[in-house]
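Residue numbers (this note's numbering): 15 to 584. Glycine residues also receive a C-beta, built at the ideal position from the N, C-alpha and C atoms. Worksheet: the structure to be examined is printed underneath.
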């Protein structure tokens with residue numbers, strides 16, 4: 015029986031035009047690659063569709079998700095991780111001692127049915143007698159491989175315990191492209207790799223390395239809160255920090271001045287961008303690593319869990335033709351992520367969007383992004399003066415910091431541009447006071463500013479362990495409610511389990527306070543920039559405050575009273 019070709023299947027079964035397939039075949043021949051890779055690279059079809067085509071072509075089932083529960087991980091002692099990653103192949107042998115190996119059927123997941131030689135080598139090395147093939151995506155196979163080898167790797171404490179009391183600096187071994195592929199026996203390198211890979215697994219945003227008088231503390235920031243991870247002995251401090259400096263191409267001899275740099279690492283199928291900052295203290299250098307997963311997709315506004323009426327208002331504001339929209343909140347409150355989501359919604363071919371950022375955190379297709387570099391004089395103000403001559407429709411300014419930046423932003427808004435930016439203030443009304451303090455005239459503020467959005471990130475209760483309870487009168491009063499204020503409402507508290515690292519929370523979601531400047535507010539601002547008066551007027555006009563938005567999240571079972579009080583600082 016003749017096997018139908020891949021090109022024929024995707025044309026006849028999936029409706030891809032012949033011209034597109036021919037173009038992909040020509041490109042594959044020119045670049046010496048497979049038709050599969052060429053089709054995916056040119057975005058003619060998705061990887062999943064290709065695998066479904068292979069399923070029809072070779073009669074090998076496609077599995078979008080691989081089930082590795084109850085699977086024997088002994089193969090990690092025999093098969094090098096780079097072999098499996100090179101051929102995108104993983105064995106799934108059931109951990110069942112009661113079944114005869116000659117009868118038991120194993121599963122081998124592959125991404126390409128043509129990897130027969132690799133399958134034969136794997137079967138031979140593992141002495142598998144009975145197996146069947148399944149197809150899966152590269153991402154799913156890599157994730158499964160990493161899961162097994164991550165469990166095999168030593169714990170951080172084991173690595174530390176296995177070190178000798180030696181202050182020598184291990185820096186000759188160069189960093190590999192994937193941390194999980196690094197087979198170095200150097201304990202300090204193993205510790206750094208494990209520290210970073212575990213922080214990514216825990217979805218930490220920062221790693222803090224803090225020197226003490228007789229100890230060293232390593233902490234992770236997860237969902238905005240710092241948690242202790244490890245306390246290695248003090249003598250490790252010098253080697254650990256030097257290893258990080260080597261990875262970041264920093265000056266390892268300079269310990270008296272602060273330094274900043276970047277590290278780019280790959281952990282499985284995740285590309286991680288790490289910003290590293292060191293400062294000298296009396297007890298040694300303190301290091302903070304800020305982690306950004308570049309492979310994660312950017313959230314859209316609809317994924318933020320925003321109430322429908324607020325979502326409609328934010329979308330209306332982001333689609334305005336001119337004016338300034340300000341996002342306010344402390345560092346780490348998700349301001350930039352929200353602005354990016356707003357840009358993604360309005361990013362169409364007929365709009366010219368330019369951003370000026372420090373740093374550029376996400377690369378956005380179709381948007382021109384400028385990285386501020388003060389070392390060469392490329393400041394916010396200088397960049398803004400240049401991009402106004404680039405005929406932009408929308409301008410995003412990473413942060414309004416001074417009078418010059420704010421003046422250019424106001425002038426841009428008054429000349430027909432939509433300007434999005436951030437300010438560091440506690441609430442929406444305080445942003446007006448801040449602009450006046452910077453030196454912007456009230457009449458310019460009323461003409462240019464269309465809205466101010468205050469934002470905070472609150473931790474979301476873990477669905478596996480949250481507990482319903484009845485708060486006491488004091489707790490209810492703290493969020494502005496009486497005992498009858500939560501009648502027939504379910505309120506939950508955090509407990510903690512293995513799924514949420516015993517924190518009781520898993521993930522974060524934003525709460526908003528949106529101040530839209532109407533003619534009443536503009537009239538008041540011309541008379542006074544008192545944030546209390548501006549806030550009182552907004553509340554009279556039914557503005558939902560951060561606390562009120564948080565209370566709604568409490569009643570929906572999303573978060574706790576303690577979390578809202580912590581974030582809103584009432």
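Note on geometry: alpha-carbon atoms of residue 572 and residue 560 lie some 15 Å from one another.
Scanning its chain for C-beta atoms nearer than 8 Å, with the 5 sequence neighbours on each side dropped, one finds around residue 272 the residues 291, 292, 293, 294, in chain order. Straight-line measurement puts the Cα of residue 147 at about 17 Å from the Cα of residue 139.
Fewer than three Cβ pairs drawn from the region 463-482 and the region 370-379 lie within less than 8 Å of each other, which leaves the two stretches out of contact.
In the three-state DSSP reduction, residue 476 falls in the coil class, being neither helix nor strand. Separation of residue 243 and residue 266 (C-alpha to C-alpha, rounded to the nearest whole angstrom) is 25 Å. Between residue 357 and the set 136, 344, 548, 339, the nearest pair of CA atoms involves 339. Counting along the chain, residue 124 sits inside the beta strand (DSSP E) bounded by residues 120-124. When C-beta atoms of the region 507-526 are compared with those of the region 563-581, three or more pairs fall below 8 Å, so the two segments count as touching. Here residue 107 has 86, 120 as same chain residues with Cβ atoms under 6 Å from its own Cβ, once five neighbours each way along the sequence are excluded. Around the beta carbon of residue 253, 16 or more other beta carbons sit within 10 angstroms, so the residue counts as buried.
Looking at the DSSP output, residue 284 bridges to 281.
Excluding its 5 nearest sequence neighbours in each direction, residue 426 has C-beta neighbours in its own chain below 7 Å: 402, 409, 433, listed in chain order. Here DSSP, grouped into helix, strand and coil, assigns residue 464 to strand. By DSSP's assignment, residue 233 forms a beta bridge with 222, 242. DSSP, read as helix, strand or coil, puts residue 557 in coil. In summary, residue 234 is buried, with 16 or more beta-carbon neighbours lying within 10 Å of its beta-carbon over all protein chains present. Note on geometry: alpha-carbon atoms of residue 102 and residue 229 lie some 43 Å from one another.
Judged by DSSP secondary structure, residue 207 falls within the alpha helix (DSSP H) whose first and last residues are 201-215. For the pair residue 436 and residue 362, the CB atoms are not nearer than the 8 Å cut-off. With contacts defined by Cβ atoms closer than 8 Å, residue 257 and residue 202 form a contacting pair. Contact between residue 211 and residue 221 fails: their C-beta atoms lie close to 11 Å from each other, not under 8 Å. Counted as a single uninterrupted DSSP element, the stretch harbouring residue 376 is not any beta strand (DSSP E), since DSSP gives it neither H nor E.
Setting aside the 5 residues that flank it on each side, residue 304 is surrounded in the same chain by 220, 289, each with a C-beta closer than 6 Å to its C-beta; the list follows chain order.
Rounded to the nearest whole angstrom, the C-alpha separation of residue 556 and residue 251 is 54 Å.
Annotated three-state conformation of residue 387 is strand, per DSSP. For the pair of segments examined, the region 387-397 was found to touch the region 414-426: the number of CB pairs separated by less than 8 Å reaches three. Residue environment: residue 299 is assigned as buried (16 or more neighbouring CB atoms within 10 Å of its CB, all protein chains considered). By the neighbour-count criterion, in which a residue is buried when 16 or more other Cβ atoms sit within 10 angstroms of its Cβ, residue 570 is exposed.
Nearest to residue 578 by alpha-carbon distance, out of 489, 400, 51, is 489.
Taking residue 413 as the centre and dropping the five residues before and after it, the same chain places the C-beta of 436 closer than 6 Å to its C-beta, in chain order. Of the residues assessed, residue 281 falls on the buried side of the cut-off, its CB having 16 or more other CB atoms within 10 angstroms.
Annotation: the continuous alpha helix (DSSP H) that includes residue 50 extends over 49-55.
By the Cβ-count criterion, residue 98 is buried, with 16 or more other Cβ atoms from all chains shown falling within 10 Å of its own Cβ. For residue 434, the uninterrupted beta strand (DSSP E) segment begins and ends at 432-437. Beta-bridge pairing by DSSP links residue 527 to 468.
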